[in-house]
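Asks:
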Amino acid sequence: MKTQRVADIVSGVFVALIGLILCIEASSIPNPLDEPLHPNALPMSMAIFTLLMGLLLSFRSYRIKDSTLTVEWPERDGWIRNGVFGTALVVYLVLVPIIGMPISSALFTTSMIWYLERTIVRSVVSGVTVALMLYYVFIKFLELPYPLGIFERI
Amino acid sequence: MDFSFGYLIDGFITAISPINIFWAFVGCLIGTLVGVLPGIGPSSGIAILLPLTATLGDATGSIIMMAAIYYGAMYGGSTTAIMVNIPGEASSVATAIDGFQLAKQGRAGPTLAICALSSWVAGTIGVVGLTLFAPPLASVALAFGPPEYFALMFMGMALVIGLSGKALLKGIIGAGLGLLLSYIGQNPLTGASRLTFGNLDLMAGIDFISVIIGLFALGEVFINIERHVLYMLEQGKIEWIPRWSDIVACRWATLRATAIGFFMGLLPGCSPAVTTFVAYDVEKRLSKHPERFGKGAIEAVAAVEAANNATSSAGFVPLFAFGLPTGPALAVLLGGLMMYGLTPGPMLFAENPQFVWAVIASMYIGNFICLLLNLPLIGLWARIALVPFPVLGPLIVIFAVLGAYSIRFLMFDVWVALLFGVVGYFMRKFHFPIVPMILAFVLANMMETSLSQSLLISGGSPTIFFTRPIALGFMVLGFAAIIRGLWIQFRSRELEVAEEGDD
Chain A
1 MKTQRVADIV SGVFVALIGL ILCIEASSIP NPLDEPLHPN ALPMSMAIFT
51 LLMGLLLSFR SYRIKDSTLT VEWPERDGWI RNGVFGTALV VYLVLVPIIG
101 MPISSALFTT SMIWYLERTI VRSVVSGVTV ALMLYYVFIK FLELPYPLGI
151 FERI
Chain B
1 MDFSFGYLID GFITAISPIN IFWAFVGCLI GTLVGVLPGI GPSSGIAILL
51 PLTATLGDAT GSIIMMAAIY YGAMYGGSTT AIMVNIPGEA SSVATAIDGF
101 QLAKQGRAGP TLAICALSSW VAGTIGVVGL TLFAPPLASV ALAFGPPEYF
151 ALMFMGMALV IGLSGKALLK GIIGAGLGLL LSYIGQNPLT GASRLTFGNL
201 DLMAGIDFIS VIIGLFALGE VFINIERHVL YMLEQGKIEW IPRWSDIVAC
251 RWATLRATAI GFFMGLLPGC SPAVTTFVAY DVEKRLSKHP ERFGKGAIEA
301 VAAVEAANNA TSSAGFVPLF AFGLPTGPAL AVLLGGLMMY GLTPGPMLFA
351 ENPQFVWAVI ASMYIGNFIC LLLNLPLIGL WARIALVPFP VLGPLIVIFA
401 VLGAYSIRFL MFDVWVALLF GVVGYFMRKF HFPIVPMILA FVLANMMETS
451 LSQSLLISGG SPTIFFTRPI ALGFMVLGFA AIIRGLWIQF RSRELEVAEE
501 GDD
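These protein sequence lines map, in sequence, to chains A and B.
Throughout the first sequence, residue numbering follows the working numbering, covering 1 to 154 in sequence.
Throughout the second sequence, residue numbering follows the working numbering, covering 1 to 503 in sequence.
#1: CB Gly109(B) to CB Ala314(B), shorter than 8 Å?
#2: Any beta carbon of chain B sitting closer than 8 Å to that of Arg122(A)?
#3: Along the chain, where does the alpha helix (DSSP H) containing Gly191(B) start, and where does it finish?
#4: Is it the case that the segment 217-226 of chain B contacts the segment 357-369 of chain B, given that we only count it when at least three CB pairs across the two stretches are under 8 Å?
#5: Let me check understanding here. Comparing Cα to Cα, which of Ala404(B), Pro469(B), Leu380(B), Leu168(B) lies closest to Val435(B)?
#6: Express the C-alpha separation of Arg428(B) and Glu220(B) in angstroms, rounding to a whole number.
#7: Starting from Pro353(B) and walking both ways along the alpha helix (DSSP H), at which residues does that stretch end?
#8: What three-state label does DSSP hand Pro43(A) in the structure shown?
#9: Tell me the DSSP secondary structure of Tyr92(A) in three-state form.
#10: In whole angstroms, what separates the C-alpha of Ser123(A) from that of Ala81(B)?
#11: By the DSSP assignment, the alpha helix (DSSP H) with Pro394(B) in it spans what residues?
#12: Closer than 8 Å, CB to CB, is Ile173(B) near chain A or not?
#13: How about Pro390(B): is its C-beta nearer than 8 Å to some C-beta of chain A?
#14: If Gly126(B) sits next to Ala300(B), beta carbons under 8 Å apart, how far is it from one beta carbon to the other, in whole angstroms?
#15: The alpha helix (DSSP H) spanning Trp244(B) covers which residue range?
#16: Please classify Thr70(A): is it buried, with 16 or more other beta-carbons within 10 angstroms of its beta-carbon, or exposed?
#17: What residues in the segment 191-207 of chain B have a beta carbon less than 7 Å from any beta carbon of chain A?
#18: Are the C-beta of Phe49(A) and some C-beta of chain B separated by less than 8 Å?
#19: Quick check on Met338(B) - is its C-beta less than 8 Å from some C-beta in chain A?
#20: Just checking, does the segment 18-31 of chain A make contact with the segment 187-200 of chain B on the three C-beta pairs under 8 Å criterion?
#21: In chain A, which residues lie with their C-beta within 8 Å of the C-beta of Glu226(B)?
#22: Going by C-alpha distance, which of Phe138(A), Ala131(A), Pro145(A), Ile113(A) is nearest Pro390(B)?
#23: Compute the Euclidean distance between the alpha carbons of Ile247(B) and Ile150(A), then round it to the nearest angstrom.
#24: For the alpha helix (DSSP H) that contains Glu299(B), what are its first and last residues?
#25: Taking Cβ positions only, does Lys170(B) come closer than 8 Å to chain A?
#26: Report the residue ranges of all beta strand (DSSP E) runs contained in full by the segment 405-450 of chain B; include only those spanning at least 3 residues, in chain order.
#27: Select from Ala471(B), Leu439(B), Leu472(B), Phe412(B) the residue whose C-alpha is nearest the C-alpha of Ser210(B).
#28: With 16 other CB atoms within 10 Å as the buried threshold, where does Trp73(A) fall?
#29: Just confirm the distance between the C-beta atoms of Ser105(A) and Val130(A), as a whole number of angstroms; I'd bet it's less than 8 Å.
#30: Quick one: which chain B residues come within Cβ less than 8 Å of Tyr136(A)?
#31: Note down, in chain order, all residues in the segment 94-118 of chain A with a beta-carbon under 8 Å from any beta-carbon belonging to chain B.
#32: Since Glu305(B) and Thr95(B) should fall inside the 8 Å C-beta cutoff, what is the C-beta to C-beta distance between them, to a whole number of angstroms?
#33: In its own chain, which residues sit with a C-beta less than 7 Å from the C-beta of Asp503(B), not counting the 5 before and 5 after it?
#34: CA-CA distance, Thr87(A) and Leu52(A)?
#35: Anyone know if the C-beta pair for Gly214(B) and Gly421(B) falls short of 8 Å?
#36: What are the residues of the segment 54-65 of chain A that lie near chain B, defined by any Cβ-Cβ distance shorter than 9 Å?
Structure representation (structure tokens):
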């Protein structure tokens, strides 16, 4: 998908697929109270509308063959950075219920700052600050029920 | 409620007592800090801090503090929207569009100052409107029934045309997807689950805040990580104070948006999220340089903030006059009032005039306190732009995760935010405008509810939208905007590309 034209064609097809899936799902919505506006009316109509608009986007983009616009994909390093960052974010979210918000946030902050700028002191200080702030300001002072994971009982 | 100069003076005397000024100050401070936290909007902030106000032991002081928290939260929500592109609540989304661009240009200081000034002007004018015109204005609000609401929301959807820029078809697709997202969960009237695919988490629906946190904050972080951005600032220079030309340029935008925000804010259910987009669109259409909107037009930020605060003030009109809260935050405030044995409505003014006028007087003072509080903090907030992005990026993510989790204290909302972070990344790559999706999401619930109620009233006939004068007027305006926009767009033979400013 180097060119905008191809990206638009693919996006249009993707959107049309979403519309189709939601259309199928919407058809199963019941009307238990016999409402004049069936509960599936709006979801179904919007799903069909989205399907048609997706196809229209693909068709319209297909017809415009003289465009030179390109998609700004990143270089290899950019893909790697995004991949590492995204993976770390997923790991962070998986760890939150297990080891708690403060600790997992500290680990994420420390590791990502270190990864992006390779400074140990700043990354550790930032991570510790995040953990302390989360715990004492949000959990203790504001009494917001953020998860503490295995440290709940401590 | 009849306006009484004597009662207002008495109210000021009560409100400017040292202890009540102190509670207003504390409320503004706490409200601003709460507003800065994404996910914890004014309604959550008031609910969380309600027990704190109960410790004051004085109903007047407690309500003054609650109202100040509400105002302060409105101020605070714009700060993160401007500095780190995390709209703290729905009403800050329109602020983020131009505000964040201005921050990247090194103009965070002037932008935050203009926000504070326009908020103060709009909030003060709004309270004047509340003071003088509450009864007739509240009666106007009552003339709006479900058909009028639907027609108004339909006209609001026509804003998609203007907000899509050069990528109208993509904008329409975004709006369609936004509507579909809002339908996930339970039908607002029947409670039947829909588009949930049998998933229990989806039965609770997808929260708007997690979507905007993902689309705006996380999507932007991914883009900057990929580009190895070292500083959010696009240039080294940073401005701290607004130019006089900025203030002059924003004066009419502020006043127009105040009028829009105030009159629309009188309508129950018409939240700042809606009025801010309307004000933004109006300013873009009236501007001599509409191409600047989305790329850092300071008058856009002034208009949005003015509409936001005017709507907040207007919300007190039906609350005090009829006991009708116009939004979640005011519903919590209503609960707070009832907690102290005060039932808003016509009798409140007859039975407790001193209290009501003291609260109204405190709003003038609270607005001014918020301005005094926020102006010195501008330097602190603007310094965020000087933080290296390798440090700022992970902190933005932490903030975003906190915000998403704070909505309903469910990890599901955080995963939704991450998903929409990825969606936001690809939308930016493929030049899809983001704002139409958000606008549609905001309007969808009220549109559907009012449509269903209208059809119940009319026995299923859609002609109800064309036989009532106010509804007809809005429908005609909406259709005209859509047809005109479609005609202009489809005459073009270019690829659909949302420019960076169309977000």
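Glycine included, C-beta positions come from ideal geometry on N, C-alpha and C.
Replies: From the atom records:
#1: As a first step, residue 109(B) is located in the second sequence; it is residue number 109 there, counting from the start. As a first step, residue 314(B) is located in the second sequence; it is residue number 314 there, counting from the start. A distance of 8 Å or more separates the beta carbons of Gly109(B) and Ala314(B).
#2: The residue you call residue 122(A) lines up with position 122 of the first sequence. At least one chain B Cβ lies under 8 Å of Arg122(A).
#3: To locate residue 191(B), count along the second sequence from 1; it is residue 191. Element bounds for Gly191(B): n/a, residue is neither H nor E.
#4: Not touching, per the Cβ criterion.
#5: Indexing the second sequence from 1 puts residue 435(B) at position 435. Scanning Ala404(B), Pro469(B), Leu380(B), Leu168(B) for the CA closest to the CA of Val435(B) turns up Leu168(B).
#6: Reading the second sequence from its first residue, position 220 is the one you call residue 220(B). Reading the second sequence from its first residue, position 428 is the one you call residue 428(B). The straight-line gap from Cα to Cα measures roughly 9 Å.
#7: Residue numbering aside, residue 353(B) sits at position 353 when the second sequence is read from its first letter. Element bounds for Pro353(B): 353-382.
#8: Walking along the first sequence from the start, residue 43(A) turns up at place 43. In this structure, Pro43(A) counts as helix in the three-state DSSP scheme.
#9: Here residue 92(A) is taken as the residue at index 92 of the first sequence, counted from 1. Residue state, collapsed to three classes: helix.
#10: Within the first sequence, numbered from 1, the residue matching residue 123(A) stands at position 123. Within the second sequence, numbered from 1, the residue matching residue 81(B) stands at position 81. Computed Cα separation, rounded: 25 Å.
#11: In the second sequence, residue 394(B) corresponds to position 394, counting from 1. Note, Pro394(B): alpha helix (DSSP H), 389-408.
#12: Taking the first residue of the second sequence as 1, we reach residue 173(B) at position 173. At least one CB atom of chain A sits nearer than 8 Å to the CB of Ile173(B).
#13: In the second sequence, residue 390(B) corresponds to position 390, counting from 1. Chain A contact via Cβ: present.
#14: Taking the second sequence and counting its residues from 1, one reaches residue 126(B) at position 126. Taking the second sequence and counting its residues from 1, one reaches residue 300(B) at position 300. With a Cβ gap of about 20 Å, Gly126(B) and Ala300(B) do not count as contacting.
#15: One-based indexing of the second sequence puts residue 244(B) at position 244. Residue range 244-265 is occupied by the alpha helix (DSSP H) that includes Trp244(B).
#16: Indexing the first sequence from 1 puts residue 70(A) at position 70. Burial is judged here by how many other beta carbons sit within 10 angstroms of a residue's own beta carbon; Thr70(A) has fewer than 16 and is exposed.
#17: Listed by position, the residues of the segment 191-207 of chain B near chain A (Cβ gap below 7 Å) are Ala192, Arg194, Leu195, Phe197.
#18: Here residue 49(A) refers to the residue found at position 49 of the first sequence. Output row for Phe49(A): interface = yes.
#19: Within the second sequence, numbered from 1, the residue matching residue 338(B) stands at position 338. Cβ-Cβ to chain A under 8 Å: no for Met338(B).
#20: The answer is yes - the segment 187-200 of chain B touches the segment 18-31 of chain A, with three or more Cβ pairs under 8 Å.
#21: The residue you call residue 226(B) lines up with position 226 of the second sequence. Those within 8 Å of Glu226(B) in chain A are Pro74, Gly78, Trp79, Arg81, Asn82.
#22: Your numbering for residue 390(B) matches position 390 in the second sequence. Minimum Cα-Cα distance from Pro390(B) among the listed residues Phe138(A), Ala131(A), Pro145(A), Ile113(A) corresponds to Ile113(A).
#23: Here residue 247(B) refers to the residue found at position 247 of the second sequence. Here residue 150(A) refers to the residue found at position 150 of the first sequence. So the two alpha carbons sit approximately 53 Å from each other.
#24: Reading the second sequence from its first residue, position 299 is the one you call residue 299(B). First-last of the alpha helix (DSSP H) with Glu299(B): 298-314.
#25: For the purposes of this step, residue 170(B) is taken as residue 170 along the second sequence, with counting starting at 1. At least one CB atom of chain A sits nearer than 8 Å to the CB of Lys170(B).
#26: Complete beta strand (DSSP E) runs here, min 3: none at all.
#27: Locating residue 210(B) in the second sequence gives position 210, counting from the first residue. For Ser210(B), the nearest C-alpha among the options comes from Phe412(B).
#28: The residue labelled residue 73(A) in the question sits at position 73 within the first sequence. By the beta-carbon neighbour count (other beta carbons within 10 angstroms, threshold 16), Trp73(A) is exposed.
#29: To locate residue 105(A), count along the first sequence from 1; it is residue 105. To locate residue 130(A), count along the first sequence from 1; it is residue 130. 5 Å between Cβ atoms; contact.
#30: For the purposes of this step, residue 136(A) is taken as residue 136 along the first sequence, with counting starting at 1. The premise fails here: Tyr136(A) is roughly 14 Å from chain B at the closest Cβ pair, so nothing lies under 8 Å.
#31: So the close ones are Val96, Pro97, Met101, Ser105, Phe108, Thr109, Met112, Ile113, Leu116, Glu117.
#32: As a position in the second sequence, residue 305(B) is number 305, starting the count at 1. As a position in the second sequence, residue 95(B) is number 95, starting the count at 1. Contact flag correct, Cβ pair sits at about 6 Å.
#33: For the purposes of this step, residue 503(B) is taken as the residue at position 503 of the second sequence. At Asp503(B), the pLDDT of 45 sits below 50, so the modelled position is not reliable and the matter cannot be decided from this model.
#34: Mapped onto the first sequence, residue 87(A) falls at position 87. Mapped onto the first sequence, residue 52(A) falls at position 52. So the two alpha carbons sit approximately 35 Å from each other.
#35: Here residue 214(B) refers to the residue found at position 214 of the second sequence. Here residue 421(B) refers to the residue found at position 421 of the second sequence. The answer is yes: Cβ separation under 8 Å.
#36: Residues of the segment 54-65 of chain A with a C-beta atom less than 9 Å from some C-beta of chain B are Gly54, Leu56, Leu57, Arg60, Ser61, Arg63, Ile64, listed in chain order.
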